[in-house]
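Note sheet for the following structure.
2 protein chains.
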Amino acid sequence: MEHNESHIISAGIIQHYFSQDIETNRSRNEQSIVTLAEEGAKLIVLSELHDSLYFCQTENVDNFDLAFPIPGDFTAFYGRIARENDVVIVASTFEKRARGLYHNTAVVFERDGSIAGIYRKMHIPDDPGFYEKFYFTPGDLGFEPIETSIGTLGVLVCWDQWYPEAARLMAMKGADILIYPTAIGWNPDDAIDEKRRQRDAWVTIQRAHAISNGIPVISVNRVGYEEDPSGQTSGIDFWGSSFIAGPQGEILTECPDSEADDRVCEINLSRSENVRRWWPFLRDRRIDAYGDLILRYRR
Amino acid sequence: MEHNESHIISAGIIQHYFSQDIETNRSRNEQSIVTLAEEGAKLIVLSELHDSLYFCQTENVDNFDLAFPIPGDFTAFYGRIARENDVVIVASTFEKRARGLYHNTAVVFERDGSIAGIYRKMHIPDDPGFYEKFYFTPGDLGFEPIETSIGTLGVLVCWDQWYPEAARLMAMKGADILIYPTAIGWNPDDAIDEKRRQRDAWVTIQRAHAISNGIPVISVNRVGYEEDPSGQTSGIDFWGSSFIAGPQGEILTECPDSEADDRVCEINLSRSENVRRWWPFLRDRRIDAYGDLILRYRR
Numbered sequence: 000m001e002h003n004e005s006h007i008i009s010a011g012i013i014q015h016y017f018s019q020d021i022e023t024n025r026s027r028n029e030q031s032i033v034t035l036a037e038e039g040a041k042l043i044v045l046s047e048l049h050d051s052l053y054f055c056q057t058e059n060v061d062n063f064d065l066a067f068p069i070p071g072d073f074t075a076f077y078g079r080i081a082r083e084n085d086v087v088i089v090a091s092t093f094e095k096r097a098r099g100l101y102h103n104t105a106v107v108f109e110r111d112g113s114i115a116g117i118y119r120k121m122h123i124p125d126d127p128g129f130y131e132k133f134y135f136t137p138g139d140l141g142f143e144p145i146e147t148s149i150g151t152l153g154v155l156v157c158w159d160q161w162y163p164e165a166a167r168l169m170a171m172k173g174a175d176i177l178i179y180p181t182a183i184g185w186n187p188d189d190a191i192d193e194k195r196r197q198r199d200a201w202v203t204i205q206r207a208h209a210i211s212n213g214i215p216v217i218s219v220n221r222v223g224y225e226e227d228p229s230g231q232t233s234g235i236d237f238w239g240s241s242f243i244a245g246p247q248g249e250i251l252t253e254c255p256d257s258e259a260d261d262r263v264c265e266i267n268l269s270r271s272e273n274v275r276r277w278w279p280f281l282r283d284r285r286i287d288a289y290g291d292l293i294l295r296y297r298r
Numbered sequence: 000m001e002h003n004e005s006h007i008i009s010a011g012i013i014q015h016y017f018s019q020d021i022e023t024n025r026s027r028n029e030q031s032i033v034t035l036a037e038e039g040a041k042l043i044v045l046s047e048l049h050d051s052l053y054f055c056q057t058e059n060v061d062n063f064d065l066a067f068p069i070p071g072d073f074t075a076f077y078g079r080i081a082r083e084n085d086v087v088i089v090a091s092t093f094e095k096r097a098r099g100l101y102h103n104t105a106v107v108f109e110r111d112g113s114i115a116g117i118y119r120k121m122h123i124p125d126d127p128g129f130y131e132k133f134y135f136t137p138g139d140l141g142f143e144p145i146e147t148s149i150g151t152l153g154v155l156v157c158w159d160q161w162y163p164e165a166a167r168l169m170a171m172k173g174a175d176i177l178i179y180p181t182a183i184g185w186n187p188d189d190a191i192d193e194k195r196r197q198r199d200a201w202v203t204i205q206r207a208h209a210i211s212n213g214i215p216v217i218s219v220n221r222v223g224y225e226e227d228p229s230g231q232t233s234g235i236d237f238w239g240s241s242f243i244a245g246p247q248g249e250i251l252t253e254c255p256d257s258e259a260d261d262r263v264c265e266i267n268l269s270r271s272e273n274v275r276r277w278w279p280f281l282r283d284r285r286i287d288a289y290g291d292l293i294l295r296y297r298r
């Protein structure tokens, strides 16, 4: 027996390449938001750190100039666009919280342009070409979904996507949907089969968060090549492949891996009710036996 | 830089259909184990409850006759086969622990035929056609991997496969590999696209456990149609599709969905070292913020 309530939202995703010029990036983001809103999108998700190049390829103190306070110039810009287009926007910024204290922060704007909430990236990566631990203090707001007029959004950021714990905690607090602004790409020197495995793993684990929690996932990545300013590595080929999956992990829409792409996709949030009735994973969690999850390792 | 230590094990998987006759099922299982051992398998994994039909399609007290104590007739039979063929075997049984106290239990046999350890299924499903809560008391041994001569095995069972918590806890205690004996299938009345989504979700979430933990996964399912003795449902089409995935979730081998299949596949356990060096997810877990995972829900 199907549960027939229907709650459909139109989600827009913006998969862009970016330049060194912040004003150009913002202007292109705004153009895309306007177009997607005209096409009916009520929720629009941008990729991670979408106002700049991915500056974490090197450790350079001058890059702290790219950070903005919240509220500030960044929130004024995207808040205005949310209001003018009557859309909820999930945006991403380099947050300057205090001198010497910075975060990788997602900001959710309500349709009236107000800030519905922020999420500070909790899991911070650090590997060659992705020196994020240099720039970003790990988030201190926990895994708290953000209430909006179109649903409760479980906003996480990039590296968080590898952690089922984060997705679970969002779902357990009522997230209707998981959202991952992302900046992930290939080392151009890697072999083609290694590249395929990496992208496939990235898609697979996020689809699994949808499955284990019975809610949809939106993941938006940047695209295109960005060189390493230090010349030490071969730079990064951001692999795009932004996608939306339904509550069984089924792919609803998927962008290409090597070009910019904006698109709108309908998500039926009430399908989660049916999926969770048939696959009631939340019912059977062995919370009496999960205590060791707060350990670093069990031996 | 690759880490060049190499630790390859040959794993054999046995995807069978079963009949009402236990002796026939056991005899066919033994034949397959002998053949796979001859082909070089050092670890052999059977599917869930492989000595009988999937009796949980109805709630019938007479089915408790199918249970065996540990140690007992079941462990004597498979222990002998392990010893005679010099292989580690992951077997699955309906355990009679006491009068009125039964478990769905995996038993790991060492190459000398001794019992290396047991795992009692922790997450117990219950939905039409899968009335497991009637038969199986939830496991009380927790998520403890089993040490063997060929590696530390994170043995879980079927419904556990939907829970990233279970996989994580096994990995955190040193599991080299995750193993899921399974009995999962389709309602024959479901539409083809629903069937596809279900099987795809089942593969995807287990691949994701490999990815998030950087270790391989072996999942072995039964295959073929079994009717519902009560005639209330259309029975179950067990979908086979047993597979082995590497530590990036990459599929190493995959069985068909509608026929019996025994096969051997090499797994390079030392690839986990490389994968975890490049994707050090264990390094960055936010254990300070995971406390709520032991709650039923967060609101």
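So the protein lines, in turn, are chains R and A. Residue 118 in numbering that gives the first Met the number 0 sits at position 119 of the first sequence; the count goes up by one each step and never skips. Residue 25 in numbering that gives the first Met the number 0 sits at position 26 of the second sequence; the count goes up by one each step and never skips. We put the CB at the ideal spot given by N, CA and C, even for glycine. This one's a predicted model, so the numbers in the text were calculated from it and none came from an experiment.
Counterpart residues of residue i in DSSP-defined beta bridges
i                      : result
residue 151 of chain R : R:146
residue 85 of chain A  : None, per the DSSP bridge assignment.
residue 215 of chain A : According to DSSP, which records beta bridges pairwise, residue 215 of chain A is partnered with nothing at all.
residue 9 of chain R   : R:265
residue 90 of chain A  : A:106
residue 180 of chain A : A:219
residue 67 of chain A  : A:94
8 Å contact criterion, which residue i and residue j should meet: CB distance rounded
i                      : j                      : result
residue 57 of chain A  : residue 118 of chain A : With 8 Å as the limit, residue 57 of chain A and residue 118 of chain A do not qualify as a contact, their Cβ atoms being about 26 Å apart.
residue 162 of chain R : residue 135 of chain R : With a Cβ gap of about 16 Å, residue 162 of chain R and residue 135 of chain R do not count as contacting.
residue 148 of chain R : residue 213 of chain R : So it is not a contact: roughly 23 Å between Cβ atoms.
residue 80 of chain A  : residue 29 of chain A  : 5 Å
residue 245 of chain A : residue 209 of chain A : 7 Å
residue 168 of chain A : residue 292 of chain R : 7 Å
Distance between residue j and residue i (C-alpha atoms, nearest Å)
i                      : j                      : result
residue 296 of chain A : residue 138 of chain A : 22 Å
residue 187 of chain R : residue 236 of chain R : 6 Å
residue 41 of chain R  : residue 229 of chain R : 41 Å
residue 173 of chain A : residue 259 of chain R : 42 Å
residue 298 of chain A : residue 277 of chain R : 22 Å
residue 65 of chain R  : residue 90 of chain R  : 15 Å
residue 0 of chain R   : residue 249 of chain R : Here residue 0 of chain R scores only 43 on pLDDT, less than 50, and its place in the model should not be relied on; the value that follows carries that caveat. If you take the alpha carbons of residue 0 of chain R and residue 249 of chain R, they lie about 20 Å apart.
residue 279 of chain R : residue 120 of chain A : 17 Å
residue 290 of chain A : residue 224 of chain A : 43 Å
residue 247 of chain A : residue 45 of chain R  : 27 Å
residue 5 of chain A   : residue 189 of chain A : 45 Å
residue 240 of chain A : residue 32 of chain A  : 19 Å
residue 160 of chain A : residue 206 of chain R : 15 Å
residue 59 of chain A  : residue 185 of chain A : 22 Å
residue 199 of chain A : residue 281 of chain R : 20 Å
residue 82 of chain R  : residue 74 of chain R  : 12 Å
residue 251 of chain R : residue 84 of chain A  : 48 Å
residue 336 of chain R : residue 55 of chain R  : One cannot answer for residue 336 of chain R here, as it falls past the ends of chain R, which runs 0 to 298.
residue 234 of chain R : residue 11 of chain R  : 29 Å
residue 193 of chain R : residue 107 of chain R : 35 Å
residue 203 of chain A : residue 98 of chain R  : 43 Å
residue 127 of chain R : residue 275 of chain A : 14 Å
First and last residue of the uninterrupted alpha helix (DSSP H) at residue i
i                      : result
residue 163 of chain A : 163-171
residue 270 of chain A : 270-277
residue 133 of chain A : 131-134
residue 36 of chain A  : 21-37
Near the ligand ZN: residue i beta-carbon under 7 Å from a heavy atom
i                      : result
residue 185 of chain R : Ligands are entirely absent from the displayed structure, and the ligand ZN is therefore not among its contents.
Run of the beta strand (DSSP E) containing residue i, from where it starts to where it stops
i                      : result
residue 253 of chain A : 250-253
residue 265 of chain A : 260-267
residue 104 of chain A : 100-108
residue 113 of chain R : From DSSP, residue 113 of chain R is part of no beta strand (DSSP E); its letter is neither H nor E.
residue 237 of chain R : 235-238
residue 243 of chain R : 242-244
residue 44 of chain A  : 42-44
Could you say if the region 214-233 of chain R and the region 169-184 of chain R meet the contact criterion of at least three C-beta pairs nearer than 8 Å?
yes
State whether the region 12-31 of chain A contacts the region 43-51 of chain A, with contact taken as three or more CB pairs (one from each stretch) at a distance under 8 Å.
yes
Inter-stretch contact (C-beta, 8 Å, three-pair minimum) for the region 68-76 of chain R and the region 12-19 of chain R:
no
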